[in-house]
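See below for the structure under consideration.
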Amino acid sequence: MTTTSEVYQGQFGEFTITDSDRTGVIIYRLGLTLAALSFTLGSGLILSRGEQAWVLSLLTPLFALFSLGLAISLVTIHIYLAPLHRLLQLFWAVGTLSAIILAFKSQQPLALYVYEHPLTLLGIGFSFAALTGIYFKEAFCFNRLETKFLTPLVPLLLLGHILGILPPVIEQMLLTIWCFLFIIFIMRKAIQPIPPDIGDKSVFTYLKQQRLAKTAKS
C-alpha cells in the first residue's frame, strides 16, 4: 500500500517523492552503514590487536564488505552532476579491481601487503577517493561538520602514508578519528529526514531533458 505523495516545488517545476525514492534513500544509508561498520571494525581490530594473523586474515573479508557497502551507496546516491556520479563509481571500480588483483598477487594478507607497500594505495586508494567524494557531497549539501573534517582527513592520511611523512602514531591517531567521525556520520544520517537526501527531482528531470536534447541534435 503506497503512501500519499506530497507535492514539492523545485527549481524547474513541481515534483513528488515516491515510495521508490524513499526506498532508494534507505538503501543508500544502509550501504553507508555497512561500509562504516566494516571499516571501523577492521580498523579497531588492527589498532587494538596489532598484526596478529587472525586479525590480518579477517581484514580482507571486512574490506570486501566495506567495498560492497560503498558500491550500494554509489549506485543509490543522488548527485545532480551525472559525470561526477559516474566518476565516483569509476573510482570505486578501480579501487576494487586493484584490491582483487593485490589479494591474488600477494602471498601476504591484503592489509599487510598494502601497508608495507604504500604505492599500492595509488590503486586501491581509489575506493577511498570515492568515499571521500561522498563525504564532500554530504558536507556541501548538508553542511555536516563531521564530513567537513573527513573530506581532507582521508587524503591526508593516505597521501601521508604513500610519501612516508607521517609517523605511525600520527597515522593511528588519524585512523581513529576517521572511524569515530564515520560512525557519527552514519548515526546522523539514520535520523535525517528522507526528502533532503532525494534532493530537487525537478533538477534531475531538467538535466535529463538537456542531455536528450543534445543527443537529438547530434
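Okay, so the sequence shown: first residue is 2 according to this note's numbering, each after it adds one.
Heads up, the beta-carbon is just placed ideally off N, CA and C, and yes, glycines get one too.
Source: prediction; values computed, not measured.
Sheet register partners of residue i (DSSP bridge)
i	result
threonine 17	Val8
Cα-Cα separation between residue i and residue j, rounded to whole angstroms
i	j	result
aspartate 20	arginine 30	15 angstroms
alanine 191	glycine 70	15 angstroms
glutamine 109	threonine 17	52 angstroms
leucine 91	leucine 123	14 angstroms
serine 44	leucine 154	15 angstroms
isoleucine 102	alanine 94	12 angstroms
alanine 65	leucine 85	24 angstroms
tyrosine 116	threonine 152	21 angstroms
histidine 162	glutamine 193	34 angstroms
glycine 51	glutamine 173	11 angstroms
arginine 189	lysine 138	15 angstroms
alanine 104	isoleucine 125	11 angstroms
valine 56	aspartate 22	39 angstroms
methionine 62	leucine 42	For the record, residue 62 in the displayed sequence is proline; it is not methionine. If you take the alpha carbons of proline 62 and leucine 42, they lie about 11 angstroms apart.
threonine 97	proline 168	27 angstroms
serine 74	leucine 89	11 angstroms
tyrosine 114	phenylalanine 186	29 angstroms
phenylalanine 40	glycine 32	12 angstroms
Exposure of residue i, with buried meaning 16 or more beta-carbon neighbours within 10 Å
i	result
serine 49	exposed
threonine 148	buried
arginine 145	buried
valine 170	exposed
phenylalanine 127	buried
threonine 24	exposed
valine 8	exposed
leucine 82	exposed
histidine 118	exposed
isoleucine 47	buried
threonine 4	In this predicted model, threonine 4 has a pLDDT of only 47, less than 50, meaning its place in the structure is not dependable; the value taken from the coordinates is given anyway. Its Cβ having fewer than 16 others within 10 Å, threonine 4 is exposed.
lysine 106	exposed
serine 58	exposed
methionine 2	Low local confidence applies: a pLDDT of 40 at methionine 2 is under 50, so the model's placement there is unreliable, with the coordinate-based value given in what follows. Exposed: under 16 other Cβ atoms inside 10 Å.
lysine 202	buried
Residue i versus the options, residue with shortest Cα-Cα distance
i	options	result
leucine 164	Thr121, Leu35, Phe186 and Val56	Thr121
isoleucine 199	Ile80, Ala140, Pro168 and Glu52	Ile80
threonine 34	Leu89, Leu132 and Tyr114	Leu132
isoleucine 178	Leu157, Arg189, Ile166 and Ile195	Leu157
proline 197	Met174, Val115, Phe141 and Gln173	Phe141
glutamine 53	Ala112, Pro168 and Gln173	Ala112
arginine 87	Thr97, Lys138 and Val76	Val76
alanine 72	Cys180, Ile187 and Ile28	Ile28
Cβ separation of residue i and residue j, assumed to be a contact under 8 angstroms, to the nearest whole Å
i	j	result
isoleucine 135	isoleucine 184	Not quite, the Cβ-Cβ distance comes to about 15 angstroms (not below 8 angstroms), so this is no contact.
serine 68	alanine 37	Actually they are not in contact, since the Cβ atoms of serine 68 and alanine 37 sit about 13 angstroms apart, beyond 8 angstroms.
phenylalanine 143	leucine 182	Actually they are not in contact, since the Cβ atoms of phenylalanine 143 and leucine 182 sit about 14 angstroms apart, beyond 8 angstroms.
isoleucine 195	valine 26	5 angstroms
phenylalanine 129	leucine 159	6 angstroms
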